[in-house]
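Residue 918 is where the sequence shown ends in my numbering, and the numbering goes up by one at each step. Backbone N, C-alpha and C define an ideal beta-carbon position, used for all residues, glycine too. In this text, all values refer to a predicted model and were calculated from it rather than measured experimentally. Everything on this sheet refers to the single structure shown next.
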Amino acid sequence: MGPLGPDFDVDYNNPSIECNCTFDSNTTCHITKLKVSQLNRQGVILEEIAALTYLTVLKLDQNAFTGTLPTFLGNMSAMLYLSLAHNQFFGTIPKELGNLKELVMLAVSSNNFSGTLPPELGNLRKLELLWASDSPFSGKIPSFIGNWTRLSELRVSDLQNVSSSLDFIVNLRNLKDLIIRNALVSGPIPSDIIRLRNLTILDLSFNNLNGSLPQTLMNMTSLISLNLVANNFKFDSTNISTFPGLNCLQRDFACNRSTNPYTSFAIKCGGSQMRSANGILFETENSTSLGPASFHVNQDKWAVSNGGIVIDRVDPSFIASTTISVDNTRDPELFRTSRKSPGSLRYYGLGLQNGPYTISLFFAETVFNRTRNTWQGHGRRVFDIYIQGNRRQRDFDISKEAGGIARALVKDFSVTVTQNHLEIHLFWAGKGTCCIPEQGDYGPLISAIQVSPDSFMSCLVSSIILKWAKRDKKPYFHDSDVQKKYNDENGTNEKVVGFKVKSKSKKTGMIIGIVAGVASVSLLLLVFGLYMKRKSKHREEDEFLGMGPKVNTYTYSELKSATSDFSPSNLLGEGGFGPVYKGILNDGSVVAVKQLSVASHHGRSQFITEISTISAVQHWNLVKLHGSCIDGARRLLVYEYLENKSLDQALFGKTDVHLDWPTRFNICLGTAKGLAYLHEESRPRIVHRDVKASNILLDGELCPKISDFGLAKLYDDKRTHMSTRVAGTIGYLAPEYAMRGHLTSKADVFGFGVVCLEILSGRPNYDEKLDSEQKYLLQWAWSLYEIGHPLDLIDPSLASFDEEQAKRMIGVALMCVQASPSLRPAMSRVIAMLSGDVDISAVTIKPSYLTDWDFNDITNTFCDDEPTSFENTTTNTTTTTFTTASSGMESMSSPIILSEVMNNGSLRERR
8 MGPLGPDFDV DYNNPSIECN CTFDSNTTCH ITKLKVSQLN RQGVILEEIA ALTYLTVLKL
68 DQNAFTGTLP TFLGNMSAML YLSLAHNQFF GTIPKELGNL KELVMLAVSS NNFSGTLPPE
128 LGNLRKLELL WASDSPFSGK IPSFIGNWTR LSELRVSDLQ NVSSSLDFIV NLRNLKDLII
188 RNALVSGPIP SDIIRLRNLT ILDLSFNNLN GSLPQTLMNM TSLISLNLVA NNFKFDSTNI
248 STFPGLNCLQ RDFACNRSTN PYTSFAIKCG GSQMRSANGI LFETENSTSL GPASFHVNQD
308 KWAVSNGGIV IDRVDPSFIA STTISVDNTR DPELFRTSRK SPGSLRYYGL GLQNGPYTIS
368 LFFAETVFNR TRNTWQGHGR RVFDIYIQGN RRQRDFDISK EAGGIARALV KDFSVTVTQN
428 HLEIHLFWAG KGTCCIPEQG DYGPLISAIQ VSPDSFMSCL VSSIILKWAK RDKKPYFHDS
488 DVQKKYNDEN GTNEKVVGFK VKSKSKKTGM IIGIVAGVAS VSLLLLVFGL YMKRKSKHRE
548 EDEFLGMGPK VNTYTYSELK SATSDFSPSN LLGEGGFGPV YKGILNDGSV VAVKQLSVAS
608 HHGRSQFITE ISTISAVQHW NLVKLHGSCI DGARRLLVYE YLENKSLDQA LFGKTDVHLD
668 WPTRFNICLG TAKGLAYLHE ESRPRIVHRD VKASNILLDG ELCPKISDFG LAKLYDDKRT
728 HMSTRVAGTI GYLAPEYAMR GHLTSKADVF GFGVVCLEIL SGRPNYDEKL DSEQKYLLQW
788 AWSLYEIGHP LDLIDPSLAS FDEEQAKRMI GVALMCVQAS PSLRPAMSRV IAMLSGDVDI
848 SAVTIKPSYL TDWDFNDITN TFCDDEPTSF ENTTTNTTTT TFTTASSGME SMSSPIILSE
908 VMNNGSLRER R
């Protein structure tokens, strides 16, 4: 029987309601238990639940509920069990929950809560279980927890900003599970911990604990799981046991054990041997017994060890398998299985020849089902990558870097091997979620590893020289490395100097060795020459296409078949350069095929430029180009398929896609990250030139991806003016670009500001159906801002929104649409302001184009049913559109300080 009752606790009774009809002498029934668990329900907690004042159990965990917790929950004074874990709730924990004085269990883990735990929760003296992990709470661990003497389970993690101590635990004599991970806990472990005689699980990992471990800790006979990794403890070496035989790995297994030095290996992590599309043989590594604290060696060439502690894990296997198709790769089978780890996963190369190598790590997130609006989609896997003991990447998130789940990602690292030993270490650093979809699924995950030398020539020549050495029992070469290899392999310590023969060996052997060596080198040079000749044969075509080797090419017939002869039923939309169709390739992968139209005047050279640009730029907030097709006059591009189409359709069209507040904020932030990458990190830097809602696509997780680089132009750091015609869409164009052709990244910033306002308001930048003062979004936004009511801009269809985030978004948007480019922030600063890392303290000036222009004079310009693209207009038309502005385009009006208008607040409800 579970804690909620004999029938209510079982999975098949879900959803379920339980009533108690014993009230008023068995004449009245009241609902006492309500369970809606693991059903991926979404939306906010309905107000109708407020009437259920007799509830003793409310179980809403493992869904996709959002919004803030309603305060009426504090009126349910009979509540015993309140489980809200694994949802998308945000905001602070309401202080009214402190009224639930009968509460036994409170579970709020794995949400997006912030702020501190309110002091009113100190009234919960009967609490036996508190789960508050995997949410970005701030502040100290409250001292009032020390008064919850009935507490048996305490799970807290990811606390921010303020350090805490463990002094509060000494009175919690009934504790069985104590998990305080990554919570900035400092100081020593109290010696009085011995009083917690029922303690079975203790996890204090990834904190700042210091001092010596209390001896009493080692005397706790009830303790079965202890995790103190990543702290600052001091150890007395005399008290630390040394495991016999622990050399490089274990069991006297030397780091350089292999007697035949080799230069490459490949491992199929968690799977059986297979050969990749390019002929690489990946060796088997599929031991189902490779759980925590285990070790496996393969043929003396490589080894793997798995370490970590997993609490309450049901599945003992640490192999992830999937049946879904992994895209972005020619080898989807390589990612069907992966090796998992609860904490620390190490792969070793044993006996490698010393020298430079490239380490290729193959990843694909196949465990977390990040399908839209499922509780499994909340899982976060974050770990660090170490090569040869040096951290090469921190807080690595597979799906974030790959651009979604089931997408292949290969990370290459350069390293120099010394002492014939290589170590690849994937280390969970205490971040991410603990229990989605089950315990232990948060740690490192990897599908394959390939180790290859950087210089095949040098390795081969070294091998040839070594074979020369073996032809004579006592060779003499002026090469200490070769000498060492020879001596190691032949059990000798003889000195070698030059090519002089020191023994009585016959010259015939020497001659044969030299001839054989010369022949080998000649053969090598011949093969290399043929390879270079073949490569040069294709170089012209490769350069002409402007593509790297990883961009696929498709035949027209292949794409015609994939799209059912470009059937109208597969039409996804019509862009400025032609229609886009949904297609299914022969391997089953779904793609978007962009068929460039003749009307777009998209010439061959433009096509080549676009391909080279897109293929060189990869970021998870940018649409991925899979490949292209050139067939006579036909030009086609093949992109990743994004099932939720474009942002403008989600905001303004008839669609089932629901954009709640957290989703809108993340779309705005993700778009900013994509633009920042184009402007500041991409090489060469890129200006998009047509940032608008229809050029922002949404994947299955509603993650934004910037599309349509057909308008993008590469520009040199020292150039700001473009000689080409102005390209863009009315309503999103920066004034200096539209009027003077003056193009910098600040033109994209302007377009982003307009998109940001559209996301906030849920309406397009121009709507002729509205009153005159509201038709033009920028005009209306500034009017609300000036009268001190900026939040009236928020889309009234939103059930709730975060006021602090909304104010930041409004402030950022208004800064982005400034008339002068110099007053607009760079996109990297936009990200910092949206994230709250930088205050919005600058003086914001109402743009002159709003004060000087009469919008009634150009109504016809902005009332087209579809946005007008300047690619289909002449330059003269573009200039004429904006000539109503006075020459004093950047004239100053009264400055408005953001901080004076935007008062503090946390949340506003909208019904």
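Cβ-Cβ distances below 6 Å link Ile-52 to Pro-77 in the same chain, with the five nearest sequence neighbours on each side left out; the list follows chain order. Three or more beta-carbon pairs separated by less than 8 Å link the stretch 155 to 170 to the stretch 178 to 190, which places the two stretches in contact. A straight-line Cα-Cα distance of about 23 Å links Asp-141 and Ile-196. Contact annotation, Leu-67 with Ser-44: C-beta distance approximately 7 Å; criterion of less than 8 Å satisfied. Residue environment for Asp-165: buried (at least 16 other C-beta atoms within 10 angstroms of its C-beta). Under the three-state reduction of DSSP output, Trp-138 falls in the strand class.
DSSP, reduced to helix, strand and coil, places Pro-460 within a strand of the structure shown. The stretch 657 to 672 makes no contact with the stretch 586 to 594, as fewer than three CB pairs between them are under 8 Å.
Around Asn-82, the same chain offers Ala-57, Thr-60, Glu-103 and Asn-106 as residues with beta carbons nearer than 8 Å, after the five sequence neighbours per side are excluded. Between the stretch 769 to 788 and the stretch 677 to 691, the count of Cβ pairs shorter than 8 Å is below three; the stretches do not touch.
Spatial neighbours of Asp-846 in its own chain (CB-CB distance under 6 Å, excluding positions within 5 residues in sequence) are not present.
By the criterion of a C-beta distance shorter than 8 Å, Asn-577 is surrounded in its chain by Thr-570, Ser-571, Tyr-588, Lys-589 and Gly-590, once the five residues flanking it on both sides are discounted. Rounded to the nearest whole angstrom, the C-alpha separation of Thr-751 and His-695 is 10 Å. Short of 6 Å from the beta carbon of Phe-175, and not among the five residues preceding or following it, lie these beta carbons of its own chain, in chain order: Ser-150, Ile-152 and Gly-153. The way I'd put it, the stretch 740 to 754 doesn't touch the stretch 629 to 649; fewer than three beta-carbon pairs between them come closer than 8 Å.
Under the three-state reduction of DSSP output, Thr-678 falls in the helix class. Counting only the Cα atoms, Arg-398 lies some 20 Å from Arg-387.
The criterion of a C-beta distance shorter than 9 Å is satisfied by Leu-233 and Leu-209. By DSSP's assignment, His-37 forms a beta bridge with Asn-27. Here Glu-54 is exposed: its Cβ has fewer than 16 other Cβ atoms, across all protein chains shown, within 10 Å. In this chain, Gln-222 is not harboured by any beta strand (DSSP E); it is covered by the alpha helix (DSSP H) spanning 222 to 225. In the structure shown, Lys-601 adopts extended strand secondary structure according to DSSP, grouped into three states. Contact between Asp-655 and Ala-700 holds, with the beta-carbon distance rounding to 4 Å and staying under 8 Å.
Going by DSSP, Ile-405 is part of the alpha helix (DSSP H) stretching over 405 to 409. Annotation for Ile-817: Pro-797 place their beta carbon closer than 6 Å to its own, counting only its chain and skipping 5 residues before and after. For Cys-763, the enclosing alpha helix (DSSP H) starts and ends at 752 to 768. DSSP, reduced to helix, strand and coil, places Thr-78 within a helical segment of the structure shown. Closest option to Thr-423, judged by alpha-carbon separation, among Leu-91, Leu-433, Ala-415 and Pro-460: Pro-460. Collapsing the DSSP output to three states places His-626 in coil. Restricted to the stretch 754 to 839, the beta strand (DSSP E) segments that are unbroken, complete and at least 3 residues in length are 807 to 809, listed in chain order. Close CB contacts of Ile-331 within its chain, under the 6 Å cut and outside five residues either way in sequence, are with Ala-413 (chain order). With respect to the C-alpha of Phe-369, the residue from Thr-425, Val-458, Tyr-449 and Gly-98 having the closest C-alpha is Val-458. Of all alpha-carbon atoms in Ser-172, Ile-38, Leu-452 and Val-417, the one lying nearest the alpha-carbon of Cys-28 is that of Ile-38. Under the three-state reduction of DSSP, Lys-102 is assigned to helix.
Proximity to Glu-810 across Phe-97, Ser-32 and Leu-91 peaks at Phe-97, based on C-alpha coordinates. Distance from Leu-643 to Leu-603 at the Cβ level is roughly 7 Å; contact confirmed, criterion being Cβ atoms closer than 8 Å.
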